[in-house]
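The listed protein sequences derive, respectively, from chains E and L. The opening position of the first sequence corresponds to residue 0 in numbering that gives the first Met the number 0, with each subsequent residue numbered one higher. The opening position of the second sequence corresponds to residue 0 in numbering that gives the first Met the number 0, with each subsequent residue numbered one higher. A virtual CB, placed ideally from N, CA and C, is assigned to each residue, including glycine. On a predicted model such as this, the values are computed, not experimentally measured, just so you know.
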Amino acid sequence: MTQIVKMKGMNKYFGKLHVLKDIDLTVEQGEVVVIIGASGSGKSTLIRCVNGLEEFESGTLEVDGQKLAPKGGNQQALAEIRKEVGMVFQQFNLFPHLTVRKNIMLAPMKVKNTSQVVANATAERLLERVGIGSQADKYPNQLSGGQQQRVAIARALAMEPRLMLFDEPTSALDPEMIGEVLDVMRELAKEGMTMMVVTHEMGFAREVADRVIYIHEGQIVEEGRPEDVFDNPQNERTQAFLSRVLAH
Amino acid sequence: MEFQFQFDWQAAIDSIPYLAKGIPYTLMISFGGLAIGFVLGIVFGLLSINKKWFLRWPATAYIEIFRGTPILVQVLFIFYGLPDLVGGPIDPLTAGIAAIALNSGAYISEVVRGGVQSIDKGQSEAGLSLGLSRTQTFWSIIWPQAFRRMIPPLGNQAIVSIKDTSLFSVIGVGELVRQGQVYIANTFTAFEVYFVVALMYLAITLSLSLILRLLERRGVASV
């Protein structure tokens, strides 16, 4: 199997704060890896390193065959990686000055020189796929949070990524809209998309993840199949965390 | 002796054709200067937020110097001082346009900086994560949003600059105030003439306000 992400001995600091400590992590093609942990544990920082939104200080990181150097080195590789890796943010980060359709068409046209006709067809197909085909000509602020996040997923998919990063995609949503976003992600996973997901949705993690990783204070302290991690956690930190989040 | 003042409407009306000759100069200096100032503002505003200190420092120096000194001193310096340096006279119109350009450029730099910095970091992260280069991210995502936010302060600056041109009567450009002064020298109807001059400025600035408000309403609707 192909390894899409390979992290080895990766360290990351925010000033003096050591946020990621000797991270070793690989993600296989087609795998869905869900990363859980308390807030401030470094889980978001970890996936933001994968597409270079955060730099790291030491160690190695290889994404889809491209080696990233510490401290933002190797910009060439970074550019290649970003074309192959899609990202969905907690706050959606849709472009408010563009219609939904244009949000999706922008990157393929600018980065891949896709023609307007093809980019438009792709946008319509993807919007259909995430269940909001009728909203193409609205502006993001005319949509609900759940719809906006589905547009954001469609926008990332338009670049035909080999890997999708999800950074707490449902944390900013009203409870009744979480389901519709998770449904789209579930569908993606079923179709074989490689995914790294940071989330607090334990039900989703248990159901969709091939592997669950628990991060505590910048370290991976437990990883395994969801049934093992959730039902029989080995590390006491994991046990404590899970008893807190699963209690209610 | 009894003092009685009466506003002489006839004098006011008579002055209009002569004063109106100043309007093209006022407009030329304002909008010529502002157009250049806008370009300077974009260039220096963006340089002032560049990561590289050797680009940031000179931009900041320019902004501070032209914001921190009176525009009257600036135009006097350009008109009376610079000829010594360039070895030839500078015509008043050019000096006026240059003063508005440099002065408004400094303020517009700050407007540009503020506008760009007000855009959420998530916007550029989204652009970069989609594979766009920094330049593409800036011009297709950040700038259009920042520009919309810049419209009200830009309008403000335009109005300030239009009024600033009134100071350039001191270097003898035939703009509105200068026309008024010359006219009054012959008629002694200061009250009426300056009243008409003020109305003419108001007509220009109010039209601009109106246009900007329409622009803003169209732009903001979609954000």
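Mind pulling the chain L residues with CB within less than 7 Å of residue i?
i                : result
Ala106 (chain E) : Leu129, Gly130 and Leu131
Lys109 (chain E) : Leu131, Gln135 and Ser139
Lys82 (chain E)  : Gly130
Report the neighbours of residue i on chain L: residues whose CB is nearer than 8 Å to its CB, in chain order.
i                : result
Leu52 (chain E)  : Glu124, Leu127 and Ser128
Asn234 (chain E) : Result: empty, since nearest Cβ-Cβ is about 32 Å, beyond 8 Å.
With DSSP as the reference, label residue i as helix, strand or coil.
i                : result
Ala220 (chain L) : At Ala220 (chain L), the pLDDT of 44 sits below 50, so the modelled position is not reliable; the number obtained from the coordinates is stated separately. In this structure, Ala220 (chain L) counts as coil in the three-state DSSP scheme.
Phe13 (chain E)  : strand
Val129 (chain E) : coil
Leu39 (chain L)  : helix
Ile12 (chain L)  : helix
Leu60 (chain E)  : strand
Asp182 (chain E) : helix
Glu215 (chain L) : helix
Glu27 (chain E)  : strand
Lys162 (chain L) : helix
Gly86 (chain L)  : coil
Gly85 (chain E)  : strand
Val172 (chain L) : coil
Asp7 (chain L)   : coil
Ser242 (chain E) : helix
Ile203 (chain L) : helix
Tyr226 (chain L) : In this structure chain L extends from 0 to 222, so residue 226 (chain L) is not present and cannot be described.
Glu190 (chain E) : coil
Does the separation of the CB atoms of residue i and residue j fall below 9 Å?
i                : j                : result
Met176 (chain E) : Gln148 (chain E) : yes
Leu92 (chain L)  : Gly36 (chain L)  : no
Ala157 (chain E) : Pro107 (chain E) : yes
Met184 (chain E) : Met195 (chain E) : no
Met6 (chain E)   : Glu61 (chain E)  : yes
Gly51 (chain E)  : Arg81 (chain E)  : yes
Ser117 (chain L) : Gly32 (chain L)  : no
Arg66 (chain L)  : Glu109 (chain L) : yes
Ile158 (chain L) : Thr186 (chain L) : no
Ala260 (chain E) : Ala122 (chain E) : Past the boundaries of the shown model lies residue 260 (chain E); chain E is included only from 0 to 247, so the question cannot be answered.
Ala68 (chain E)  : His215 (chain E) : no
Met86 (chain E)  : Ser128 (chain L) : yes
Per DSSP, what are the beta-bridge partners of residue i in this structure?
i                : result
Asp166 (chain E) : E:Val197
Gln218 (chain E) : E:His215
Arg210 (chain E) : E:Val32
Met104 (chain E) : Bridge partners of Met104 (chain E): none, in fact.
Asn2 (chain E)   : It should be noted that the sequence gives Gln, not Asn, for residue 2 (chain E). DSSP lists E:Glu27 as partners of Gln2 (chain E).
Gly223 (chain E) : E:Val211
Lys7 (chain E)   : E:Thr59
Ile22 (chain E)  : E:Met9
Gln65 (chain E)  : E:Val62
Relative to the C-alpha of residue i, which candidate in the options has its C-alpha closest?
i                : options                                  : result
Asn118 (chain E) : E:Phe55, E:Tyr138 and E:Arg154           : Before going on, a small fix: residue 118 (chain E) reads as Ala here, not Asn. Per the Cα distances, E:Arg154.
Thr198 (chain E) : E:Gly178, E:Phe165 and E:Arg210          : E:Phe165
Leu46 (chain L)  : L:Asp13, L:Val196, L:Ser208 and L:Gly113 : L:Gly113
Val115 (chain L) : L:Ala145, L:Leu54 and L:Tyr106           : L:Ala145
Val31 (chain E)  : E:Arg224, E:Phe55, E:Ser57 and E:Lys66   : E:Arg224
Thr237 (chain E) : E:Ile35, E:Thr25 and E:Gln28             : E:Ile35
Leu54 (chain L)  : L:Ile183, L:Ile150 and L:Val42           : L:Val42
Glu174 (chain L) : L:Ile141, L:Ile15 and L:Thr25            : L:Thr25
Phe137 (chain L) : E:Val33, E:Lys109 and E:Gly144           : E:Lys109
Ser40 (chain E)  : E:Pro232, E:Tyr12 and E:Glu54            : E:Tyr12
Val180 (chain E) : E:Lys111, E:Glu167, E:Lys42 and E:Val33  : E:Glu167
Met9 (chain E)   : E:Ile3, E:Gly217, E:Ile212 and E:Asn112  : E:Gly217
Leu162 (chain E) : E:Thr169, E:Asn73 and E:Val84            : E:Val84
Asn234 (chain E) : E:Val129, E:Arg243, E:Gly71 and E:Glu222 : E:Glu222
Ile21 (chain L)  : L:Val110, L:Leu207 and L:Val192          : In the sequence as presented, Ile is not what sits at residue 21 (chain L); that position holds Gly. Per the Cα distances, L:Val192.
Gln146 (chain E) : E:Asn92, E:Ala188 and E:Gln65            : E:Asn92
Val129 (chain E) : E:Gln141, E:Asp182, E:Met86 and E:Phe88  : E:Asp182
Gly154 (chain L) : L:Pro16, L:Ala34, L:Leu18 and L:Ser14    : L:Ala34
Thr25 (chain E)  : E:Asp63, E:Val18 and E:Ser38             : E:Asp63
Gly29 (chain E)  : E:Gln75, E:Ala208 and E:Ala239           : E:Ala208
Leu226 (chain L) : L:Asn49, L:Arg216, L:Ile96 and L:Gln5    : This structure cannot speak to residue 226 (chain L), because chain L is shown only from 0 to 222.
Leu131 (chain L) : E:Leu77, E:Lys137, E:Lys66 and E:Glu186  : E:Leu77
Tyr182 (chain L) : L:Ala105, L:Trp8 and L:Tyr17             : L:Tyr17
Glu186 (chain E) : E:Leu125, E:Pro232 and E:Val228          : E:Leu125
Ile133 (chain L) : E:Lys42, E:Phe229 and E:Gln75            : Residue 133 (chain L) is actually Arg in this sequence, not Ile. Here the closest residue by C-alpha is E:Gln75.
What in chain E is Cβ-close to residue i, meaning under 7 Å?
i               : result
Pro91 (chain L) : Residues of chain E passing the Cβ test: none, with the nearest at roughly 42 Å.
Taking residue i as the query, report the chain L residues whose CB atoms sit under 9 Å from its CB, ordered along the chain.
i                : result
Phe88 (chain E)  : Gly121, Glu124, Ala125 and Ser128
Met158 (chain E) : Leu129 and Gly130
Less than 8 Å separating the Cβ of residue i from some heavy atom of the ligand FMN?
i               : result
Pro95 (chain E) : Among the ligands in the structure shown, none appear at all, so the ligand FMN cannot be discussed.
Using the beta-carbon of each residue, which ones in chain E are nearer than 9 Å to residue i?
i                : result
Gln144 (chain L) : Phe94, Pro95 and His96
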